[in-house]
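To convert a position in the sequence shown, counted from 1, into the numbering used here, add 144. Glycine included, every Cβ here is placed at the ideal spot set by N, Cα and C. Since the model is a prediction, treat every value here as computed from it, not as a measurement.
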Amino acid sequence: MLRFMIVLLSCSVAMVGPACARLGVDDLASTWPRASATDKIDFATRMGKAMSSLAPGLDRDYFMRCLEETANIGDTKALTLSDTVRTCVALHAAHDE
Numbered sequence: 145m146l147r148f149m150i151v152l153l154s155c156s157v158a159m160v161g162p163a164c165a166r167l168g169v170d171d172l173a174s175t176w177p178r179a180s181a182t183d184k185i186d187f188a189t190r191m192g193k194a195m196s197s198l199a200p201g202l203d204r205d206y207f208m209r210c211l212e213e214t215a216n217i218g219d220t221k222a223l224t225l226s227d228t229v230r231t232c233v234a235l236h237a238a239h240d241e
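(1) Could you please give me the residues that DSSP links to Thr224 through a beta bridge?
(2) Are Thr214 and Thr228 closer than 9 Å when you measure CB to CB?
(3) Note the first and the last residue of the continuous alpha helix (DSSP H) segment covering Leu211.
(4) For the ligand SAM, I want to know if Lys184 counts as a neighbour, meaning its beta carbon is within less than 8 Å of at least one of the ligand's heavy atoms.
(5) Leaving out the 5 sequence neighbours to the left and right, which residues in its chain are closer than 7 Å to Val169 when beta-carbon positions are compared?
(6) How big is the Cα-Cα spacing for Pro200 and Arg209?
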């Protein structure tokens, strides 16, 4: 019984771990280059769903490209992913004009 409880507890902790590791808009942009591909796709998908109402071109693929370019430009210092998303939206708006 004790062994079963340990296995059950271990599985529940393992399942909670990845959900906590998701990229969020308050994370520093410097975390982007070190994030897993799954986390990057998840974040870009969430941003695409949230921003596609502003313009159809603001989709997951656009955010993946833009965030890769923006977060890898060098020292992002204290910039957050929210700052980089706003930059991507502004760049897209400027490109459309």
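Answer, in terms of the structure:
(1) Along the sequence shown, read from residue 1 onward, the residue named residue 224 stands at position 80. Paired residues: Leu172.
(2) Your numbering for residue 214 matches position 70 in the sequence shown. Your numbering for residue 228 matches position 84 in the sequence shown. Cβ distance < 9 Å, so Thr214 and Thr228 count as in contact.
(3) For this step, residue 211 is matched to residue 67 along the sequence shown. Unbroken alpha helix (DSSP H) run through Leu211: Arg204 to Ala215.
(4) By its list of ligands, the structure shown contains no ligand whatsoever, and the ligand SAM lies outside what it can speak to.
(5) Numbered from 1 along the sequence shown, position 25 holds the residue referred to as residue 169. Listed in chain order, the non-local C-beta contacts of Val169 below 7 Å within the same chain comprise Thr224, Leu225, Ser226 and Val229, local neighbours out to five positions each way being set aside.
(6) The residue you call residue 200 lines up with position 56 of the sequence shown. The residue you call residue 209 lines up with position 65 of the sequence shown. For Pro200 and Arg209, the distance between alpha carbons rounds to 16 Å.
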